[in-house]
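See structure below.
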Amino acid sequence: MVLAAPAQAQAPAEVGQWASTMNWPISATHASLQPDGKVMFFGEFDDGLGPPRRWDPATNAISSLPVAGYNIFCAGHSYLADGKLLVTGGHLASHEGLADASLFDPFTGTWTRLPDMNDGRWYPSNTTLPNGDVMVISGEIDGVGDFNEIPQRYIAATKTWKNLTTAKEEIPYYPRMFLAPNGKLYFAGPGRETLWLDPAGTGSWKAGPKSLFGKRTYGPAVYMDGKVVFIGGGDPPTATVEMIDLAVAAPKWQYMAPMSVKRRQHNATLLPDGTVLVTGGSSGNGFDNAKKPVFLTELWDPGTNKWTKFSSNKIYRGYHSTALLLPDGRVLGAGGKNTKNGELFSPPYLFKGARPTVSSAPGDVAPGSTFTVSTPDAARIKKVTLIAIGSVTHAFDMNQRLLTLNFTKGNGSITVTAPSNNNVAPPGYYQLFLVNEQGVPSIGKMVKITIVSASSPSAATLPDP
Ligand SMILES: [Cu+2]
């Protein structure tokens, strides 16, 4: 007798594959891909006082890093031009933030304390600006709804803070903020109200187009080629997805195809082939409903506006879970409340034949330039992407960003057009991927986007929303 295979057993080339669970010492509530391809993460509650950890995907080893000196749980984080991680605020108690800020240097594994911010910030968002400064927005000071209303700009050159005194505004915590092609910052939610922040001088806010659905609390939003895509979220959770193109004259939200299942507290991760992978979350009502876990992984392709169902993971990844794209093309799903483990997903593209190889690529790439990438696979390259290294917490990656680059094929190499300016590509480390006709990506090669001054495009080429 021959036993039938389970109905849902599908080939990894179709649905990808989750590897077995890795037990970790803390919940990876905050996780950042380092420029060296390792993952730095730190934990929730009192674990935020303890050592952050570093996981090496190549060896699976976990090491302890020095402590920051205060509780960095509930901080904001994004990368600077030189690859250091700016960590802003932290945890005194729930809804009570710290004013502390630090830099973590991933190359030396050391912390540098910065001057305190203007006040406490519990759940702030960091957004890296075209010149390498960082805008820090929101976070609670001393109780529920007591938001820090003065955005602050971290001046990278002097390691000091500047208050945006004319941009006082109540913005919800962990706002979904994005640097737009016009050099302004777009606050995409989670509510229907959206706003533009002009970071020039002491700052000013302006109303943006209302989004369509309503409150997408604990839903992720991602930036892809000038567009912001907001996926699910809300309570009760929604499966709906909407998108806005920030590069057009009159940006407007529009619905995209919905996910196959409602989710909140999930993660959205940009993949080398220009798609978005959605993992985890809960389809149940309430804050973090572990009784209605979503294990199904699914993928959105902006080219076709279609979702594809992939295989399911094993562990509930809701509140305090994170997900990161690794240079080898796998996606790490980790953390969750009191969930001290991680899982690795290999997308279908890792089962579709040989990967294109990058023989050499420049370490530094200046916006507005062209550069050469040596590859024996030049003839079969179909797409070239840059993905800024991820830095994620609370269902929002403040650093990841996907840019599709134009290129021409040569003999043994391709010539790639760099992003036009630092509004499109804020400075710092990105993974460069070559993707072949089968959709198989190369290993991500880390390149550093440098700062080109006078990055602001002319008013004639971009809208002033
Ligand atoms: Cu939290």
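Residue numbering for the sequence shown follows my numbering, beginning at 1005 and increasing consecutively.
Each residue gets a CB set at the ideal place from its N, CA and C atoms; glycine is no exception.
Kindly confirm or deny that the region 1345–1361 and the region 1301–1321 touch, where touching means at least three C-beta pairs closer than 8 Å. yes
May I ask which residues mark the beginning and end of the alpha helix (DSSP H) holding A1392? Segment I1385 to A1392 is the beta strand (DSSP E) holding A1392; no alpha helix (DSSP H) there.
Flag E1048 as yes when its Cβ comes closer than 8 Å to any non-hydrogen atom of ligand 1, and as no otherwise. yes
Could you tell me the alpha carbon to alpha carbon distance between F1191 and T1114, rounded to whole angstroms? 32 Å
Could you compute how far the alpha carbon of P1194 sits from the alpha carbon of K1386? 35 Å
Using DSSP bridges, identify the partner residues of V1541. Coverage of the chain is limited to positions 1005 through 1469, which leaves residue 1541 absent and any answer about it impossible.
Suppose contacts are defined by Cβ-Cβ distances below 9 Å. Is D1401 in contact with T1308 by that definition? no
Would the beta-carbon of T1033 be found less than 8 Å away from any heavy atom of ligand 1? yes
What are the start and end residues of the alpha helix (DSSP H) that includes V1019? P1016 to V1019
For the region 1219–1235 against the region 1165–1172, are there 3 or more C-beta pairs whose distance is under 8 Å? no
At least three beta-carbon pairs within less than 8 Å, the region 1141–1150 to the region 1097–1112: yes
What is the DSSP secondary structure of A1105, counted as helix, strand or coil? strand
Whole angstroms is fine: what's the gap from I1066's alpha carbon to G1237's? 32 Å
Looking only at C-alpha atoms, which of P1155, F1046, V1019 and A1062 sits nearest to P1029? F1046
Check whether the Cβ of Y1127 sits closer than 8 Å to any heavy atom of ligand 1, and report yes or no. yes
Using the rule of at least 16 other Cβ atoms within 10 Å of the residue's Cβ for burial, across every protein chain shown, is N1064 buried or exposed? exposed
Check each residue's C-beta against every heavy atom of ligand 1 and list, in chain order, those closer than 6 Å. C1078, H1324 and H1398
Please classify Q1269 as buried or exposed, where buried requires at least 16 other C-beta atoms within 10 Å of its C-beta. buried
Assuming S1082 and N1130 make a contact with CB atoms under 8 Å, what is their CB distance in whole Å? 4 Å
Whole-angstrom distance between A1382 and Y1127, CA atom to CA atom: 44 Å
Exposure label - K1088; buried when at least 16 CB within 10 Å: buried
Going along the chain, which residues of its own chain have a beta-carbon closer than 7 Å to the beta-carbon of P1179, five neighbours each way excluded? S1129, I1141, S1142 and F1191
Is the beta carbon of D1104 sitting closer than 9 Å to the one on D1120? yes
Quick one: using the 10 Å Cβ neighbour count with 16 as the cut-off for buried, is T1033 buried or exposed? buried
C-alpha distance - E1018 paired with T1312, whole-angstrom precision: 9 Å
Roughly how far, in whole angstroms, is the beta-carbon of F1351 from the beta-carbon of V1335, given that I think they are within contact range, below 8 Å? Per the sequence presented here, residue 1351 reads as Pro, with Phe not at that position. P1351 to V1335, Cβ: 7 Å. Contact.
Please state whether the Cβ-Cβ distance between V1252 and V1233 is less than 9 Å. no
Using DSSP with H/G/I as helix, E/B as strand and the rest coil, what is G1041? coil
Going by the beta-carbon positions, is the gap between R1125 and V1138 smaller than 9 Å? no
From the DSSP output, read off the bridge partner residues of E1347. G1337
So which of R1058, D1050 and L1084 has the shortest CA-CA distance to F1077? D1050
With the cut-off set at 9 Å, would you say G1230 and A1161 are in Cβ contact? no
Rounded straight-line distance, which links the Cα of D1202 to that of T1408: 26 Å
Could I get the ranges of all uninterrupted beta strand (DSSP E) runs contained in the region 1039–1092, with 3 residues as the minimum, in chain order? 1043–1046, 1057–1059, 1066–1068, 1080–1083 and 1089–1092
Hey, would you say I1393 sits closer than 9 Å to N1426, going by beta carbons? no
Measure the beta-carbon distance from K1511 to W1059 and round it to whole angstroms, keeping in mind my assumption that it falls under 8 Å. An answer regarding residue 1511 cannot be provided, because it is not within the stretch 1005 to 1469 covered by the chain.
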